[in-house]
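Start counting the sequence shown at 1305; every next residue gets the next number (my numbering).
A virtual CB, placed ideally from N, CA and C, is assigned to each residue, including glycine.
Remember, predicted model here, so these are calculated numbers, not experimental data.
Comments concern the structure below.
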Amino acid sequence: MPSTVPNGPFAHDRMNATAYAPTESKRRKPAGPIVVLSILGLTFLSFAGLMGLIWVNDMGIIGIMRLSTIWIAAVCIVMGLVVIILGFKGRRTGGLIPLGLVAGGCALCMTIVSGTYGVYYRDFGASSINTVVSLSQSVSARNSDGMNDVQKDGIFVADASDATFETLQQGVAFNGENYNTDQAIIDWSDWGKTHEPHTVKMLDGKTSISNCPVGTITIAATQAQVHIVLPDSCTYAFGTADSYSTSSDVGGKYEMVYNNYMGLISFGFFGAESATNPMNGPDYEWLDKGSAMPDNGPELKINIPYAVEARVNVVYASDWKGSTFQPLADIYDGNSTSKNTTEQSE
């Protein structure tokens, strides 16, 4: 019997369909649990190393941001290289996708934080700060910043003179290198000895005599602590005449402050700092009694345009235990006299 041959217009296509039947492609293997767990373990170990490095070196917010940005960048690079290698070997990323998403999210957060810090630091450099004081341990100076001041071994102390107050009104930035050791002290404990008393109208409508500084000063700081020592019971606040808040301090080692807003960037979970002054007792009656508060608010306003890894705090003279102007000035002047005498004799 003769063989049957397909005929008609679609005979050729039927033959090709039989000859070229589709074949199933082989599914690629995933990365595998060993690879995924190894990457996860290395990530956790590197994070533990990061935390240990921060703890051992007692880093503030600047060091934490810098090191964290480098760490998350390294994690993302390593994961990217692993994905490329797996691709060359014909494997899928598998369980690395969730880890990559987490790493990418962390990288995005650090980019935002670092970008915010960079933008505000640029604004700080372009702000109306007239005087910049370096609190470097190597700086030793006397009356070199438009104020009646003395500086030695990372400690800067200014007195209650009009020159100091006027310079602070124009804006002063204190730039340190170590939050724990670099200090600027505005010693106004003897304000009443150099300034005449003035009359102040209180909230209750009565008038009172005050021997306290009046006006708005502007202080910025980086990696330093700024202490303002006031006569007991003097009223003060952080901010400007238009907007201010009553607090004993602003900023901290793990804080970034911009235009008096604390905690704009904060890594406070590394260690909470206790307030320098709890703001209670007889010296703080002005917080609750109208007879002790001026009708236009606290007499001294402290404007903080910028503070990163820095704290600005106010302490009353009776509570202050640190350096004061005159003893440090006497020590500095005595050393200067001895040095000049030695140089002349040589």
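1. Per DSSP, which one or two residues make a beta bridge with E1603?
2. Is the CB-CB distance between D1553 and V1616 below 8 Å?
3. Would you check if the stretch 1440 to 1448 and the stretch 1489 to 1496 touch, i.e. whether three or more CB-CB distances between them fall below 8 Å?
4. Please say whether A1407 and M1383 have beta carbons closer to each other than 8 Å?
5. Chain B beta carbons: is any one of them nearer than 8 Å to that of G1458?
6. Skipping 5 residues on each side, what residues in its chain have a beta carbon closer than 7 Å to that of Y1636?
7. Looking at C-alpha atoms only, which residue of M1369, G1509, V1387 is the closest neighbour of M1597?
8. Could you compute how far the alpha carbon of Q1630 sits from the alpha carbon of D1592?
9. Under 8 Å by Cβ, that's how I've got Y1562 and A1528 pegged, so tell me the actual separation to the nearest angstrom.
10. Would you mind reading off the limits of the beta strand (DSSP E) that contains T1498?
11. S1418 and M1363 - do their beta-carbons sit closer together than 8 Å?
12. Hey, is F1348 close to the ligand NAP, as in C-beta under 7 Å from one of its heavy atoms?
13. Please go through the same chain and pick out, in chain order, the residues whose beta-carbon is closer than 6 Å to the beta-carbon of T1628, but skip the five residues on each side of it.
14. Does DSSP put G1556 in a helix, in a strand, or in coil?
On the basis of the supplied data:
1. The partner list for E1603 (beta bridge, DSSP) is empty, contrary to what the question assumes.
2. Judged by their CB atoms, D1553 and V1616 are nearer to each other than the 8 Å cut-off.
3. By the criterion of at least three beta-carbon pairs nearer than 8 Å, the stretch 1489 to 1496 is not in contact with the stretch 1440 to 1448.
4. If you check the CB distance, M1383 and A1407 come in under 8 Å.
5. The question asks about chain B, but that chain is absent: this structure has only one protein chain.
6. Around Y1636: R1446, V1454, K1456.
7. Just measuring C-alpha positions, the residue of M1369, G1509, V1387 sitting nearest M1597 is G1509.
8. The alpha-carbon atoms of Q1630 and D1592 are separated by roughly 34 Å.
9. No, Y1562 and A1528 are not in contact; Cβ-Cβ is about 17 Å, not under 8 Å.
10. Run containing T1498: none in the beta strand (DSSP E); it sits in the alpha helix (DSSP H), 1495 to 1498.
11. One thing to note: M1363 has its Cβ no nearer than 8 Å to the Cβ of S1418.
12. Although the ligand NAP was asked about, the structure shown includes no ligands whatsoever.
13. Answer for T1628: D1491, listed in chain order.
14. Of the three classes helix, strand and coil, the one that applies to G1556 here is strand, per DSSP.
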